[in-house]
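A.B. asks:
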Amino acid sequence: MGKIDKDFSLEAVPQSHRNNFWQILVVMLGLTFFSASMWSGGTLGKGLTFMQFIGITLAGNLILGAYTGALSYIAAKTGLSTHLLARYAFGEKGSYLPSFLLGATQVGWFGVGVAMFAVPVQKVTGLDTYLLIGIAGILMTITAFFGMKALTILGFVAVPLITILGSFSVFKATESVGGMQGLFEYQPTEAIGFAAALTICVGSFISAGTLTPDFTRFARTKRSAVVSTVIAFFIGNSLMFLFGAVGAIATGQSDISEVMFLQNLIVPAIIVLGLNIWTTNDNALYASGLGFSNITKIPRSKVVIFNGIIGTVLAMWLYNNFVDWLTILGSTLPSIGAIILADFFIVNRNRYKRFEEMTFKTVNWIAIVAWGAGVAVAELAPGIPPVNSLLSSVIVFVVLSKLFGKKKETEIIVKEKVS
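The working numbering runs 2 ahead of the 1-based position in the sequence shown.
1. Thinking C-alpha only, which one of Glu-260, Thr-314, Leu-33, Phe-294 is nearest Val-305?
2. Across which residues does DSSP place Ala-221 in a beta bridge pair?
3. Look at Ala-199 and Ile-58 and say whether their C-beta atoms are less than 9 Å apart.
4. So Gly-49 packs on Leu-153, CB below 8 Å; how close in whole Å?
5. Determine contact between the stretch 76 to 92 and the stretch 342 to 361, defined as no fewer than three beta-carbon pairs at a distance below 8 Å.
6. Which of helix, strand or coil does DSSP assign to Arg-89?
7. Give a yes or no on whether the C-beta atoms belonging to Ser-74 and Leu-86 are separated by under 9 Å.
8. Do Ile-307 and Phe-112 have their beta-carbon atoms positioned less than 9 Å apart in this structure?
9. Please classify Ala-77 as buried or exposed, where buried requires at least 16 neighbouring CB atoms within 10 angstroms.
10. Suppose contacts are defined by Cβ-Cβ distances below 9 Å. Is Arg-219 in contact with Ser-101 by that definition?
11. Can you find the residues in the same chain that come closer than 7 Å, C-beta to C-beta, to Thr-70, ignoring five residues on each side of it along the sequence?
12. Is Tyr-188 helix, strand or coil by DSSP?
13. In chain order, what residues of the same chain have a beta carbon less than 6 Å from the beta carbon of Asp-216, not counting five sequence neighbours either side?
14. Please report the residue range of the alpha helix (DSSP H) in which Tyr-354 lies.
15. How long is the line joining the alpha carbons of Leu-284 and Thr-143, rounded to whole angstroms?
16. Start and end of the alpha helix (DSSP H) containing Asn-239?
17. If we ignore side chains and look at the alpha-carbon of each, how far apart do Pro-16 and Thr-223 end up?
18. Can we say the stretch 275 to 283 touches the stretch 156 to 168, given the rule of at least three CB pairs closer than 8 Å?
19. Would you report the Cα separation of Glu-94 and Lys-299, rounded to the nearest angstrom?
20. Please state whether DSSP places Gly-139 in a helix, a strand or coil.
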């Protein structure tokens, strides 16, 4: 009897291996507890009044919650990861494009995250940066290797600690600006426009949000998958934005760990920094393993080790050179999730044939064209790029699918009449 792949890298997750609501919630909260979200929150905090900041954060996370919640619904119903869902819309080999883009982006963020931990800790402790990178990279790779079980355990430990320590730091920072009244009276010196602010809020996480099915496919019910995802974005992501905004207003620093260093909370700062990056990096490495597993057909656990080594070895280079490239690459990812949503809900009317019974197209060129259109509109059109990308790729995909689908149906009818 063959060994069971507990990651179900290349098949649907059976009900016997699904997790309860709380297990999915802590994994999703761990995903949304992301240091880059604090940086984005800091940018918004310095460029908006506090009331404007609250409004933009809620609006942005409403968009993210709707997008990721819809993907979670499909994942829980089918038991499939983003990469296997992409086979329905993009075709079997066509799915290699989204898998490569998503996988490469997550390996890049893993390396950046490892360096994001090592650099500030080196400044405080004096330990060698590369030693810290090596230790962090190895530990994060080990936990990612063990898959969802390790991600769940890590989430149960990390999420409450980050919340408690981060909230305490924000409370101290709020006191330093005159309490809540001081926050609400804050006026930015350089204001950010509505469209730009919403772009920062949505764009900071929509790429990683596309990978939501990689985790919520383990949910026992569609409801628990959707609710846990929406809560994670409204609480987890909003909390990260709040930590960044208050810290930036009070100290000029967006990262909660940097704020803690200034508050002489060095040990809590290292704990929060480490756990914050660890939870996100493990999710990134796990998701990258699924992406490259779809391409290579090698089990995720083995791919994770390779990806972890690459991310760790290149961590400083990625930290210094790759963030701008990742930002550009991020504009290519929302279209992938949008096309999966359109294919499931609109073209296939909320119904997919079972994965093991499917004979997939090699490449669905309609999806490739729609993806390209979404990327082009995101880069060139005015407005909110992530939203532009989502809407344009959905419109192009649905219209072309209907046109070419009707053409095929007509050809079949004609052939039947002739015969």
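Glycine included, every Cβ here is placed at the ideal spot set by N, Cα and C.
C.D. replies: Let me spell this out:
1. Cα-wise, what sits closest to Val-305 is Phe-294.
2. In the DSSP output, where bridge partners are listed per residue, Ala-221 has Asn-21.
3. With respect to the 9 Å criterion, Ala-199 and Ile-58 are classified as neighbours on the basis of their beta carbons.
4. The pair is not a contact, with the Cβ atoms about 34 Å apart (cut-off 8 Å).
5. The answer is yes - the stretch 342 to 361 touches the stretch 76 to 92, with three or more Cβ pairs under 8 Å.
6. DSSP places Arg-89 in helix when its eight states are reduced to three.
7. Remark: C-beta atoms of Ser-74 and Leu-86 do not approach each other more closely than 9 Å.
8. No, the Cβ-Cβ distance between Phe-112 and Ile-307 is not below 9 Å.
9. With 16 or more other Cβ atoms from the protein chains shown falling within 10 Å of its own Cβ, Ala-77 counts as buried.
10. Contact: no.
11. Correct list, in chain order: Gly-211, Thr-214, Thr-231, Phe-235.
12. Note: Tyr-188 maps to coil in three-state DSSP.
13. Spatial neighbours of Asp-216 in its own chain (CB-CB distance under 6 Å, excluding positions within 5 residues in sequence) are listed in chain order as Ser-83, Thr-84, Ala-289, Leu-292.
14. Element bounds for Tyr-354: n/a, residue is neither H nor E.
15. For the sequence presented, residue 284 should be read as Asp rather than Leu. When only Cα atoms are considered, Asp-284 and Thr-143 end up about 7 Å apart.
16. Judged by DSSP secondary structure, Asn-239 falls outside any alpha helix (DSSP H); it is assigned neither H nor E.
17. Their backbone Cα atoms lie some 12 Å apart in a straight line.
18. Look at the beta carbons and you see the stretch 275 to 283 touching the stretch 156 to 168: at least three pairs across the two are nearer than 8 Å.
19. For Glu-94 and Lys-299, the distance between alpha carbons rounds to 12 Å.
20. If DSSP states are grouped into helix, strand and coil, Gly-139 belongs with the helices.
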